[in-house]
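Engineer: Have a look at the structure that comes next, please.
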Amino acid sequence: MIKMKLLIALSGASGAGYAIEFLKEISKHKEIEVELIFSEYSEKILELEENSSLNELKKYAKKVYDNSDLAAAPASSSYLIDAMIVLPCSIKTASEIATANCGTLISRAADNMLKMKKKLIVCVRETPLSTPVLHNLYNLSLYGAIVFPLSPGFYHKPKDLMELKSFIIGKLFDVLGIENNLFKRWN
Ligand SMILES: Cc1cc2nc3c(=O)[nH]c(=O)nc-3n(C[C@H](O)[C@H](O)[C@H](O)COP(=O)(O)O)c2cc1C
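Its first residue numbered 36, the sequence shown is counted upward by one per residue in the working numbering.
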């Protein structure tokens, strides 16, 4: 039985590999259903960084939407989603969400999450951050989103890239309330 319906949106920030690992890991949880939205630039980055494609990720999702399809189901808040994660989230998309500039399916669906007071996790990747961006991220947090910078810790002494990614995926699972042992916890 499906217990959680997740909407995962990939935007054009660096870090497409995090989304791939997240989808692999979440697919082990048969009680969780995943739908995907892709932006145009997320596809370019998937190819550039991971030699991957939208086609390869389709297998993890029940449904896949194009970011320009504003008539797709998640454009309406009547469509039931438990949580939405923008992973990775570009500064452009984060800023659109922060200002309710709903011209894409990602920003529209994210605004629905804010409106319905549901969980929205915005996994930004950029450094350093400009003052307007910090302002937007601060506002996102005030509006109820979880601002989740893609900045893994090192206290678990990662041995490779996979352990760095697992730290982030484990933390995302924690935020979603999904039990996991994906990273070594501090004790
Ligand atoms: C190779 C590459 C890497 C990029 N990395 C980032 C990034 O880490 N963070 C970011 O905010 N934008 C990054 N960008 C810029 C975004 O892709 C660009 O702002 C785009 O308009 C985002 O659109 P989207 O949010 O609709 O996908 C990158 C672009 C390219 C081509």
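Backbone N, C-alpha and C fix where the C-beta goes; we use that ideal spot for every residue, glycine too.
For ligand 1, which residues count as neighbours when the test is a C-beta closer than 5 Å to any heavy atom?
Structural biologist: 46, 47, 48, 49, 74, 76, 125, 126, 127, 128, 160 and 161
Engineer: What are the start and end residues of each continuous beta strand (DSSP E) run of 3 or more residues lying completely inside the stretch 52-108, in chain order?
Structural biologist: 67-73 and 98-101
Engineer: Please state if the CB of residue 159 and the CB of residue 129 are separated by a distance shorter than 8 Å.
Structural biologist: yes
Engineer: Along the chain, where does the beta strand (DSSP E) containing residue 197 start, and where does it finish?
Structural biologist: Counting along the chain, residue 197 falls outside any beta strand (DSSP E), though it belongs to the alpha helix (DSSP H) covering 196-211.
Engineer: Output yes or no for whether 8 Å exceeds the beta carbon distance between residue 208 and residue 188.
Structural biologist: no
Engineer: Of all the options 198, 68, 113 and 163, which has the alpha carbon lying nearest to the alpha carbon of residue 146?
Structural biologist: 113
Engineer: Over the uninterrupted beta strand (DSSP E) stretch that includes residue 133, give me the two end residues.
Structural biologist: Careful: residue 133 lies outside any beta strand (DSSP E), inside the alpha helix (DSSP H) at 126-133.
Engineer: Terminal residues of the continuous alpha helix (DSSP H) containing residue 169?
Structural biologist: Its alpha helix (DSSP H) spans residues 166-177.
Engineer: Going by beta carbon distance, what residues of the same chain come within less than 6 Å of residue 120, once the five residues before and after it are set aside?
Structural biologist: 43 and 156
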